[in-house]
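Worksheet: the structure to be examined is printed underneath.
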Amino acid sequence: MREWPGVGLGLALLSALTFATSGTFARPLISGEWSAEAVVVARVGIAALVLAVPALLALRGRWHVLRRNAGTVVVFGLLGVALAQACFFNAVRYLPVGVALLLEYLGIIIVVGWMWLVHGQRPRTLTVVGSVTALCGLVFVLDLTGGSRLDPVGVLWGLGAGVGLAGYFVIAGRVDAGLPSVVMASAGMAVGALVLLLLGVVGLLPLRAGLADVDFAGHRMSWLVPIAGLSLIAAVVAYLTGIAGARLLGARLSSFVGLTEVMFAVLIAWLVLGELPTVVQLLGGALIVAGVALVRVDELRAAPEPGQPAGTPAEPVLSSER
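The following block contains the structure:
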């Protein structure tokens, strides 16, 4: 399927673009009557139901594969979906969308540290350079000496999203190749939504939702508009195009293209919400993206992806708040 690199690149870019809309769609809900956790439950719950149909079709005659990977799916739902998204949407309460996403993307650097400390995989020179570059960028993004300091609560939520993203990459990198990606996505989102819902029911998490109109893109409109955008555009379309793009480009190259999500998120938040980081923060963002890109380049150089049999899903296939 690699004979269509242009199609694969287009799908991967579309996936990054649609994923990048999540913060912009969530902001009017969180600024209104909705808690961040309720937004996550609505987003991933609806998306899981929509993706359940292709997931069931992909599993025909292979239910044993899902049973064999039940533990992995549960952990994926807890870290890669529930933790990552709940922390990211809470970060959006306090920070510009682009800054929150940049903090989340530091999860890729957290993976480097995890693999070194836990598994003894010492990072190569280019990975070290990329990690240091990204951490320097973090200093600029936080803009500690500038006039527009970031809310520390939001920064902690953003770093928490980074931990969730790191968990996503570690788990997705070990997933059974026999488990279709659409099944992993649908089942993981179902687990994440169910866990957050149960925690909300017992009173451990705030699950607030309202039916009042919200302010979005300079207009007053129904809350259904951002919810539909979150679940259908920023989840269903994003996941499906990400899966298709990864199968054409390969997992490593598609995840590299996924870095454009940061650029798209900043642009969309600027156009729709009027949010734009300071010049210093934009410089820091560029350093973070450059650092993460160096880590990705090092992965591509050190471990060229072998050819996969037709029909074998590539993992990981997605880019950020999964």
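First residue of the sequence shown? That's -17 in my numbering, and the numbers climb one at a time after it. Note that beta-carbon positions come from the ideal geometry of N, C-alpha and C, so glycine has one too.
**Message:** Helix, strand or coil for Ser(-3)? Go by DSSP, reduced to three states.
**Reply:** helix
**Request:** Mind reading off the beta-carbon distance from Ala30 to Ser168? Whole number of angstroms is fine, and I expect it under 8 Å.
**Result:** Yes, they are in contact, since the Cβ atoms of Ala30 and Ser168 sit about 5 Å apart, within 8 Å.
**Asked** Taking the DSSP output, what are the residues bridged to His201?
**Response** Phe198
**Asked** Just to confirm, are Ala216 and Ser13 a CB contact at a threshold of 8 Å?
**Response** no
**Item:** Limits of the unbroken alpha helix (DSSP H) element including Gly149
**Value:** Pro134 to Ala154
**Request:** Would you check if the stretch 74 to 87 and the stretch 139 to 149 touch, i.e. whether three or more CB-CB distances between them fall below 8 Å?
**Result:** yes
**Same chain, Cβ closer than 6 Å to Gly266, five either side skipped, listed in chain order** = Gly119, Phe122 and Val123
**Item:** CA-to-CA distance, Ile91 to Ile270, given in whole angstroms
**Value:** 10 Å
**Where Thr54 falls: helix, strand or coil (DSSP)** = helix
**Request:** Put Thr260 into one of helix, strand or coil per three-state DSSP.
**Result:** coil
**Item:** Terminal residues of the alpha helix (DSSP H) in which Ala167 lies
**Value:** Ser163 to Val183
**Asked** Who are the Cβ neighbours of Gly211 in its own chain at under 6 Å, not counting the five residues just before and after it?
**Response** Phe7
**Prompt:** How many angstroms separate the CA atom of Leu117 from the CA atom of Phe71?
**Reply:** Between Leu117 and Phe71, the C-alpha separation is close to 22 Å.
**Asked** Hey, how far is the Cα of Gly43 from the Cα of Gly53?
**Response** Distance between the alpha carbons of Gly43 and Gly53: 20 Å.
**Item:** Runs of alpha helix (DSSP H) lying entirely within the stretch 6 to 80, each at least 4 residues, in chain order
**Value:** 18 to 41, 45 to 50, 52 to 58 and 66 to 76
**Where the alpha helix (DSSP H) containing Ala220 begins and where it ends** = Ala220 to Leu231
**Prompt:** So what does DSSP say about Ala159, is it helix, strand or coil?
**Reply:** coil
**Request:** Give the straight-line distance between the Cα atoms of Leu(-9) and Val219, rounded to the nearest whole angstrom.
**Result:** 15 Å
**Prompt:** Which class does Gly(-8) belong to by DSSP, given the choice of helix, strand or coil?
**Reply:** In the structure shown, Gly(-8) sits in a helix (DSSP, three-state: H, G or I).
**Prompt:** Given Gly(-12), which residues of its chain have a CB within under 7 Å of its CB, disregarding the five upstream and five downstream residues?
**Reply:** none
**Asked** Under the rule that 16 or more other beta-carbon atoms within 10 Å means buried, what is Thr107, buried or exposed?
**Response** exposed
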